[in-house]
Each structure stands twice: as C-alpha cells, then as structure tokens.
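J.: Would you mind keeping the following structure in view while I ask a few things?
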Amino acid sequence: MSNLVWLVPLLPFIGFLVNGLGRKFLPKAGVSIVGSGSVIAAFAIAVSLFLETKAPGFTPRVISLFSFISVGKLSIPFAFQVDQLSALFLLIITGVGSLIHIYSAAYMHEESNEGYARYFAYLNLFIFSMLLLVLGANYVMMFIGWEGVGLCSYLLIGFWFKNPSFSKAANKAFIMNRIGDLGFLLGIFYIIANFGTVTYSAVFAQAATMGSGHHTLVIIAVLLFIGAMGKSAQIPLYTWLPDAMAGPTPVSALIHAATMVTAGIYMIARSNVIYTLAPAVQNFIVIIGTATALLAASIAIAQNDIKKVLAYSTVSQLGYMFIALGVGAYSTAVFHVMTHAFFKALLFLGSGSVIHAMGGEQDIRKMGGLKKYLPTTHWTFLVGCLAIAGIPGFSGFFSKDEILANAFAANKIVYVFGLLGALMTAFYMFRLYYITFCGSFRGTHEQEHHLHESPAAMTIPLVVLAVLSVFGGYIGLPEVFGVKSLLNEYLAPIFAPSVPFAAVHELEPGTEWMLMIISSVLVIGMIFWARAKYRRYQNPGTENTGLLKVLENKWYVDEIYDAVIVRPLQALSQFFSEVMEKLGIDRLVNGIGKSVQWGGQQLRVIQNGQVGFYIFAMVLGIIVLLVIGLLF
Amino acid sequence: MPVQYYIFLSVVLFCIGIMGVLMRRNAIIIFMCVELMLNAVNLLMVAFSKMWADAGHVDAGAAQIFVFFIMVVAAAEVAVGLAIIVMMYRNTHSVDINLLNRLKN
Numbered sequence: 001m002s003n004l005v006w007l008v009p010l011l012p013f014i015g016f017l018v019n020g021l022g023r024k025f026l027p028k029a030g031v032s033i034v035g036s037g038s039v040i041a042a043f044a045i046a047v048s049l050f051l052e053t054k055a056p057g058f059t060p061r062v063i064s065l066f067s068f069i070s071v072g073k074l075s076i077p078f079a080f081q082v083d084q085l086s087a088l089f090l091l092i093i094t095g096v097g098s099l100i101h102i103y104s105a106a107y108m109h110e111e112s113n114e115g116y117a118r119y120f121a122y123l124n125l126f127i128f129s130m131l132l133l134v135l136g137a138n139y140v141m142m143f144i145g146w147e148g149v150g151l152c153s154y155l156l157i158g159f160w161f162k163n164p165s166f167s168k169a170a171n172k173a174f175i176m177n178r179i180g181d182l183g184f185l186l187g188i189f190y191i192i193a194n195f196g197t198v199t200y201s202a203v204f205a206q207a208a209t210m211g212s213g214h215h216t217l218v219i220i221a222v223l224l225f226i227g228a229m230g231k232s233a234q235i236p237l238y239t240w241l242p243d244a245m246a247g248p249t250p251v252s253a254l255i256h257a258a259t260m261v262t263a264g265i266y267m268i269a270r271s272n273v274i275y276t277l278a279p280a281v282q283n284f285i286v287i288i289g290t291a292t293a294l295l296a297a298s299i300a301i302a303q304n305d306i307k308k309v310l311a312y313s314t315v316s317q318l319g320y321m322f323i324a325l326g327v328g329a330y331s332t333a334v335f336h337v338m339t340h341a342f343f344k345a346l347l348f349l350g351s352g353s354v355i356h357a358m359g360g361e362q363d364i365r366k367m368g369g370l371k372k373y374l375p376t377t378h379w380t381f382l383v384g385c386l387a388i389a390g391i392p393g394f395s396g397f398f399s400k401d402e403i404l405a406n407a408f409a410a411n412k413i414v415y416v417f418g419l420l421g422a423l424m425t426a427f428y429m430f431r432l433y434y435i436t437f438c439g440s441f442r443g444t445h446e447q448e449h450h451l452h453e454s455p456a457a458m459t460i461p462l463v464v465l466a467v468l469s470v471f472g473g474y475i476g477l478p479e480v481f482g483v484k485s486l487l488n489e490y491l492a493p494i495f496a497p498s499v500p501f502a503a504v505h506e507l508e509p510g511t512e513w514m515l516m517i518i519s520s521v522l523v524i525g526m527i528f529w530a531r532a533k534y535r536r537y538q539n540p541g542t543e544n545t546g547l548l549k550v551l552e553n554k555w556y557v558d559e560i561y562d563a564v565i566v567r568p569l570q571a572l573s574q575f576f577s578e579v580m581e582k583l584g585i586d587r588l589v590n591g592i593g594k595s596v597q598w599g600g601q602q603l604r605v606i607q608n609g610q611v612g613f614y615i616f617a618m619v620l621g622i623i624v625l626l627v628i629g630l631l632f
Numbered sequence: 633m634p635v636q637y638y639i640f641l642s643v644v645l646f647c648i649g650i651m652g653v654l655m656r657r658n659a660i661i662i663f664m665c666v667e668l669m670l671n672a673v674n675l676l677m678v679a680f681s682k683m684w685a686d687a688g689h690v691d692a693g694a695a696q697i698f699v700f701f702i703m704v705v706a707a708a709e710v711a712v713g714l715a716i717i718v719m720m721y722r723n724t725h726s727v728d729i730n731l732l733n734r735l736k737n
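Residue numbers (the numbering used here), protein chains in the order written: chain D, 1 to 632; chain E, 633 to 737.
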C-alpha cells in the first residue's frame with residue numbers, strides 16, 4: 001500500500017488543476033464534488049497507510065520517485081517517507097481537511113461560480129502542499145511544501161482581495177512568513193554544508209554521532225526554529241496570524257488553526273534528534289513558547305471579534321506545543337497538535353456558522369442569546385470550549401495536562417506560567433461562549449429575523465468534530481490511569497533515536513494526580529467566574545480602561561512593530577528614492593548621456609566636407625599605424 | 633646596381649604622388665598622382681623581385697606577375713575614374729574637387 005503514497009498528494013493536486021482551469025465553466029456542484037472528493041479519496045488512502053504503519057513489524061519506508069536535484073556529491077531525491085509521524089499527520093490533514101471541504105461547499109455558496117471554483121482550487125492546492133510538507137523524506141521536500149502552504153495561505157487570506165485591508169493582511173502574513181522561511185532556508189544550507197545531504201535518516205544518523213551541544217547542531221536548531229517561529233506564529237513573528245482571520249472562516253479553521261500553523265511543530269518533532277542534542281535551543285524554545293502562550297492568552301481576554309479570540313487562542317495553544325517540544329516531550333506536542341486540530345477546527349467552523357447566521361457580523365457584543373436559534377452550533381461550540389479549557393474527559397484535558405505534567409517535571413516555573421495560561425484559556429473561551437450564546441440578543445431587528453441554523457453540510461462536520469473533540473483524547477491517556485498511552489506507543493519509534501540523549505524527568509504518580517486535580521479545579525473555577533461575569537452580558541457602550549484597554553489593543557505590539565521596524569524602513573526607502581535615486585543614480589546616468597552629446601558636438605566640426613582634409617587624415621593615420629608597428 | 637637606389641627612387645615617386653593628392657584641387661592631376669603612387673609600388677616590386685632572384689630564390693620572379701595585375705587593375709580604374717571626372721565636368725563645368733563638398737549637409 002505504501003507504494004501508492006504518491007497518490008495522496010496527487011489527488012488534491014488534480015482537484016486543484018481541474019477546479020483552477022475549469023473555473024469559468026464548471027458548475028458549483030461539480031466544483032464541490034471534485035474539490036471535496038479528491039480530499040476524501042486522499043483520506044481513504046491515508047487511512048490504509050495509517051493501518052499499515054500501525055501493524056506490528058512495520059519499518060519506515062522511503063519511496064523515491066525521481067531525482068530532483070543532483071549536483072556534484074549532493075543528490076536530493078523527490079522521495080516520500082512513510083512512517084508513524086507522517087501517517088498521523090496525513091490523517092489529521094486529510095481528515096480535518098475533508099470535513100472543512102464539505103463545510104466550505106455550503107459556507108461559500110453565495111460566492112460567484114468563478115470565485116467558488118477559485119476557492120476550492122486554492123484549498124486543494126493547500127492540501128497538496130501540506131501533504132508534500134509532511135510526506136517529504138528530506139528537508140528540501142519539506143521546504144517545497146512549506147513554501148506552498150505559505151503561498152496558499154496568502155492567496156486565501158486575500159481571497160476577497162477587493163477589500164484593501166484584507167490584501168494588506170495577506171501581505172503581512174506572507175512577509176512575516178518570509179522572515180521565518182529565510183531562517184529555515186539558511187538552516188537547510190547549513191545542513192547541506194555540514195552533512196552533505198538533506199535526507200532525514202542520513203542527517204540524523206550523522207547528528208547523533210556529534211555529541212550534545214555541538215555548535216553545528218545548535219546553529220541548525222536555531223535556524224530551523226526561526227522558520228518554525230514564522231510558520232507557527234510564535235513571538236516575535238506571531239502578529240500575522242490574528243490578521244489572517246481576514247480570510248473565509250473555513251480557511252481559518254483549516255490553515256490557521258488545524259494544519260499549516262502546526263508545520264513548525266512537525267518540523268521540530270521530525271528533527272527531534274537535532275533538538276535533543278542542542279539543549280540550549282530547547283530552553284530557548286521553552287521560553288518563547290511560554291511567553292507566546294501567556295501573551296496571546298492575555299490578549300484573547302479582551303478581544304471582541306469572535307474570530308480574533310480564536311486566533312489568539314490558536315497562537316497561545318501553539319505556544320503550549322512549543323513548550324512540550326522544548327522540554328523534550330515530542331509525542332505530547334504531536335498529541336496536542338491532533339486534539340487542537342479537532343477542537344480548534346470545531347470552534348472555527350462553529351464561529352463560521354454563527355457568522356453565517358448573523359449575516360457576516362463578527363462582533364460578539366452584537367450577538368447574544370444565540371443558543372435558541374442555533375442549537376446544533378451551540379452544543380458543538382460548547383463541546384469545543386470544554387475541550388480547549390481542559391475539562392476532564394475531553395480531549396484537550398489529556399493533551400494539555402500531559403504538557404503541563406512534562407513542564408512540571410522539567411521546570412516548575414514553566415509549569416506555573418503554563419497553568420496560568422490554561423486558566424486564562426478557560427476564562428476567555430467561556431467569556432466568548434457566554435457573550436455569544438447566552439443572555440439576550442443585542443443585534444439589529446433585521447439580524448434577529450435572519451437568524452437560522454446552518455444547513456446540514458455545515459452542521460454534520462461540526463458534529464463529527466465535536467465527537468472527535470470528546471473522544472480524540474482517549475488515544476493518549478496518561479499512564480497514571482493504568483493504561484498505556486496508545487499514541488506514545490505508536491510514535492515511540494520516531495523519537496527513539498533521541499531517547500539516549502534526552503534528560504529523563506520522572507514524575508511520581510501521586511504528583512501527576514495532584515497536578516491534574518489542581519488544574520481541573522482551577523479551570524472549573526475560572527469557568528464559573530466567566531459565567532457569573534458574562535452570563536447576562538450587556539454591551540456597556542463605554543471604552544475599556546487600564547489594563548483591559550492595553551489588552552484590547554494587543555499590548556500595542558502592532559504599533560511597536562510599526563514604529564520600530566515599518567516606519568524606519570519606509571523612511572530609509574524614502575531616503576533612497578529621494579536622495580540616492582534622484583541625486584545619485586539619475587544624475588550619473590543623465591551625466592553620461594550629456595557628456596556623450598557634448599563630445600559629439602565637439603567632434604562634428606572635423607566633418608568639414610573637404611576631400612583633401614579627409615585624405616590628409618587618412619595618410620596621417622597610416623603614418624601613425626606605421627610608427628606604432630615599427631616601435632612595438 | 634644596388635637595390636637601395638630603386639628604393640630611394642620609389643619613395644621619392646610615392647611621396648610626390650601623396651603630396652599631389654593632398655595639395656592639388658584639380659581632379660585630373662590628383663588622378664595622375666594616384667597613378668604615380670601605383671607605379672612607385674610597381675617599381676619597388678620589380679626591384680625586390682630581382683634582388684631575391686639574384687640571391688638564389690627561384691620563385692622570386694613570381695612577384696613580377698603581380699606587377700602586371702596592378703597594371704591591368706590600374707587601367708580599369710582609369711576607365712572608371714575618367715568617366716567620373718567627365719560626368720563631374722558635365723554637371724559642374726569644373727574639375728575642382730572642393731566643389732564636391734556640396735554633399736556636406
């Protein structure tokens with residue numbers, strides 16, 4: 001079966017070609033069947049691949065299709081790697097991707113025929129690139145997918161490009177990602193220079209012989225992590241992700257919550273040997289992850305745009321994943337990627353359903369009391385909130401507590417900050433829930449009249465994701481429950497090479513129980529606090545003051561970036577265009593032109609029309625040539 | 633006779649030719665001066681040919697064949713050149729070459 005792995009990315013690519021080329025004449029039904037069908041078919045193959053990797057006695061396979069780059073001693077094949085990690089990501093991408101495609105078929109129905117086809121073409125191209133990213137057997141393949149998903153993200157954020165602020169958001173996402181991509185690219189070059197290959201197995205085998213803390217490994221780890229910072233929206237490159245909410249909501253669910261932004265996690269989990277051998281970089285990752293988790297969670301508390309809250313929540317959850325990576329709990333990070341994909345896709349699709357019902361309104365202050373109009377959306381959204389808040393029994397509880405337990409074992413301070421972030425998460429999610437779904441309706445009369453539950457194509461994916469959000473966590477039960485974590489066992493071969501170098505942190509079962517109880521009690525407390533505060537929310541109509549105002553304005557980070565980086569750059573380019581261009585380059589070029597003209601003016605008097613003069617010049621020339629010939 | 637004499641005569645003839653071409657304005661005289669230069673070269677060629685033949689180079693006589701070539705070409709050139717001068721005279725009633733600067737501008 002793994003011989004057919006190339007079909008998995010190929011199918012969405014065919015979908016992209018069909019929808020992209022046929023956008024002028026394909027009907028909407030055809031577009032959605034091609035678009036969703038190709039991803040569902042890819043999902044079916046991914047399931048069979050997954051079953052193959054799960055079977056006992058499976059060894060990772062590399063399927064080489066053709067030679068991609070071959071220069072001197074360096075040879076980069078176009079090869080796919082089928083192992084536990086890539087198979088799991090395949091499942092997440094094609095599974096969540098299928099649901100979101102189905103959802104999109106209904107959500108985007110008001111677009112024109114051409115826009116509809118363009119949307120599905122981009123979405124299919126995205127799935128294709130993402131699959132390349134996780135399937136590639138070397139860093140260059142990963143980079144191809146990495147750039148592809150960046151491009152699709154740009155295209156989809158700017159899907160409604162006639163709105164200038166949306167195009168600006170798309171540009172911002174693209175440029176911020178470029179900064180990270182440069183780090184990744186330099187990392188690849190550094191790998192090539194030092195290892196002479198980019199194939200994972202060869203690189204890791206050589207890295208394992210270098211010893212912990214070798215400077216080459218540290219440099220590679222830092223460069224790759226810069227790439228991950230950009231793609232996975234970590235401090236300082238996170239500001240693009242909230243702005244990326246300009247795209248259609250299913251895009252936010254798929255690209256900016258479930259899949260693309262976890263590419264950084266995938267990369268570091270894939271390179272676990274390198275990172276384990278560079279403990280300094282791991283500490284750096286923990287710091288960045290913790291700071292991001294806290295900062296983004298604090299901003300989410302004061303946001304009033306339903307998608308912005310979810311966006312900051314995504315940034316914060318990505319921070320958690322980086323904490324897990326930083327403390328060496330790679331499979332925990334992957335576990336959180338998976339559960340997060342379920343509940344965050346659910347929350348985004350739920351918010352899409354709300355926005356759809358509200359006729360495009362995204363401000364939660366103008367919503368309220370929606371639970372009686374949107375029953376399915378309400379229930380599934382509540383499940384998503386419970387999952388992300390980490391209520392025992394829901395998937396988010398298991399993955400988040402595993403991260404916190406690992407953080408506790410590694411460093412108590414990180415644990416305290418992580419717990420604080422988790423509490424903020426519970427608070428802002430239930431603030432969002434209560435303001436949106438409870439209380440009384442605060443929108444216009446017209447909107448109230450328009451309120452309706454979304455069609456089945458939108459609610460069915462919600463229900464499926466809600467079920468996954470509840471039960472997705474049971475594949476990774478903590479060991480104190482007396483059962484083996486299926487996920488950890490499944491992923492163990494991937495992370496086995498780094499185990500000999502990793503620092504061991506063991507937790508007493510009693511401590512782990514205690515941590516779980518502490519966080520559960522506190523989280524439930526936060527939920528009740530949010531309930532008391534926002535259950536009967538009325539729009540106060542006054543501006544926030546003090547800390548809340550700072551939070552509402554996102555700690556003024558955008559303004560700081562604007563003042564520190566954007567403005568000076570603009571001033572510099574202004575200087576170059578006004579002074580260097582006009583006074584330097586223009587003058588030089590014009591001067592050359594003018595001097596040639598002047599020289600011609602002076603020389604034209606020689607052409608006087610006297611035949612004798614011409615012959616004299618000729619003879620003179622011959623004599624000069626003769627003299628030169630004799631002398632030299 | 634040593635070859636230097638021929639060279640000297642030939643250089644004198646050539647310089648007279650050049651000076652004539654440069655200084656005179658009458659087209660016919662310029663034309664004759666050009667012929668003078670050609671024949672100076674012919675003279676030189678024959679002299680060198682003889683010199684090398686005396687020195688034992690069997691095929692040095694071949695140079696004299698070129699002299700005949702030059703004569704033939706010069707005759708053809710005279711035919712064309714004189715025709716041009718005749719046409720010039722018909723149009724301008726003069727053989728002064730400086731009148732030809734009308735081509736200027």
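Heads up, the beta-carbon is just placed ideally off N, CA and C, and yes, glycines get one too.
What is the DSSP secondary structure of D:Q81, counted as helix, strand or coil?
T.: strand
J.: Which stretch, first to last residue, makes up the alpha helix (DSSP H) that contains D:I69?
T.: D:I69 -> not in any alpha helix (DSSP H); beta strand (DSSP E) instead, spanning R61 to V71.
J.: Using the Cβ count rule (16 or more neighbours within 10 Å means buried), how would you classify E:N737?
T.: The pLDDT assigned to E:N737 is 49, lower than 50, so where the model puts this residue is not dependable; a value taken from the coordinates is nonetheless given after this. E:N737 comes out exposed.
J.: Could you tell me if D:R536 is buried or exposed, where buried requires 16 or more neighbouring beta carbons within 10 angstroms of its beta carbon?
T.: exposed
J.: With D:E489 as the anchor, note down where its alpha helix (DSSP H) starts and where it stops.
T.: L486 to F495
J.: Output yes if chain E places a C-beta closer than 9 Å to the C-beta of D:Q635; else output no.
T.: Summary: the structure shown does not reach residue 635 of chain D, with chain D confined to residues 1 through 632, and so no result is reported for it.
J.: Kindly indicate if chain D contains any beta-carbon less than 9 Å away from that of E:M655.
T.: yes
J.: Interface residues of chain E around D:I623 at Cβ under 8 Å?
T.: By Cβ distance, chain E contributes nothing, its closest Cβ being about 10 Å from D:I623, past 8 Å.
J.: Is it right to say D:W146 is buried, meaning 16 or more other beta carbons lie within 10 angstroms of its own, or is it exposed?
T.: buried
J.: Can you tell me whether D:G546 is buried or exposed, with buried defined as 16 or more other CB within 10 angstroms of its CB?
T.: exposed
J.: Could you say which of D:L133, D:G136 and D:N177 lies nearest to D:Y154 if we only look at CA atoms?
T.: D:N177
J.: Could you confirm whether any beta carbon from chain E is found closer than 9 Å to the beta carbon of D:V627?
T.: no
J.: Could you tell me how far apart the beta carbons of D:F43 and D:L125 are, in whole angstroms, since I believe they sit closer than 8 Å?
T.: D:F43 to D:L125, Cβ: 17 Å. No contact.
J.: Assuming D:L90 and D:L49 are in contact, meaning their beta carbons sit under 8 Å apart, how far apart are those beta carbons, in whole angstroms?
T.: 6 Å
J.: Got a sec: is the Cβ-Cβ distance from E:L732 to anything in chain D below 9 Å?
T.: Yes, E:L732 counts as interfacial toward chain D.
J.: Please specify which runs of the alpha helix (DSSP H), each continuous and at least 4 residues long, are wholly inside the segment 533-609 of chain D, giving them in chain order.
T.: 546-552, 557-561, 567-575 and 586-603
J.: Taking the C-alpha atoms as reference points, what is the distance between D:S70 and D:A79?
T.: 13 Å
J.: For E:N737, which three-state DSSP category applies?
T.: Model confidence at E:N737 stands at a pLDDT of 49, short of 50, so the residue's coordinates are unreliable; what they give is reported in the following sentence. Here E:N737 sits in coil by DSSP.
J.: Compare the C-beta of E:I729 against all C-beta atoms of chain D and say whether one is closer than 9 Å.
T.: yes
J.: Between which two residues does the alpha helix (DSSP H) containing D:E446 stretch?
T.: H445 to H450
J.: What does the alpha-carbon distance come out to for the pair D:Q317 and D:D586?
T.: 52 Å
J.: For a contact defined as C-beta to C-beta under 8 Å, what are the partners of E:I650 on chain D?
T.: Per Cβ cutoff of 8 Å: V619.
J.: Please report the distance separating the alpha-carbon of E:F640 from that of E:I660.
T.: In a straight line, the C-alpha of E:F640 is about 26 Å away from that of E:I660.
J.: List the residues that DSSP assigns as beta-bridge partners of D:N138.
T.: Paired residue(s): D:T199.
J.: By a C-beta neighbour count over all protein chains shown, 10 Å radius and 16 as the cutoff for buried, is D:F335 buried or exposed?
T.: buried
J.: Among the candidates D:W529, D:N163 and D:I93, whose CA atom is the shortest distance from the CA of D:V134?
T.: If we check each option's Cα against that of D:V134, D:I93 comes out closest.
J.: To the nearest angstrom, report how far apart D:Q601 and D:A617 are at their CA atoms.
T.: 19 Å
J.: Could you give the residue range of the alpha helix (DSSP H) that holds D:R270?
T.: A263 to R270
J.: Go through its chain and collect everything with a Cβ distance to D:I191's Cβ below 7 Å, but skip five positions before and after it.
T.: If we look at D:I191 and ignore the five residues flanking it on each side, its Cβ neighbours are Y139, V198, V203 and I220.
J.: Output yes or no for whether 9 Å exceeds the beta carbon distance between D:K259 and D:V96.
T.: In the sequence on display, residue 259 of chain D carries Thr and not Lys. Contact check for D:T259 against D:V96 passes: the beta carbons are separated by less than 9 Å.
J.: When the Cα atoms are used, what is the spatial distance from D:K189 to D:A205?
T.: Reading off the sequence shown, one finds Phe at residue 189 of chain D, where the question assumed Lys. Roughly 18 Å separates the two Cα atoms.
J.: Would a check of beta-carbon distances place D:I634 closer than 9 Å to chain E?
T.: Lying before the first or after the last residue shown, residue 634 of chain D is absent from chain D, which here runs from 1 to 632.
J.: Just the C-alpha distance for D:M424 and D:L583, rounded to the nearest angstrom, thanks.
T.: 56 Å
J.: At which residues does the alpha helix (DSSP H) containing D:R431 begin and terminate?
T.: K412 to F437
J.: Got a sec? Which residues, its chain only, sit under 7 Å from D:D363 by beta carbon, not counting five neighbours each side?
T.: N304 and D305
J.: Thinking C-alpha only, which one of D:F225, D:L277 and D:S252 is nearest D:T209?
T.: Of D:F225, D:L277 and D:S252, the residue nearest in Cα terms is D:L277.
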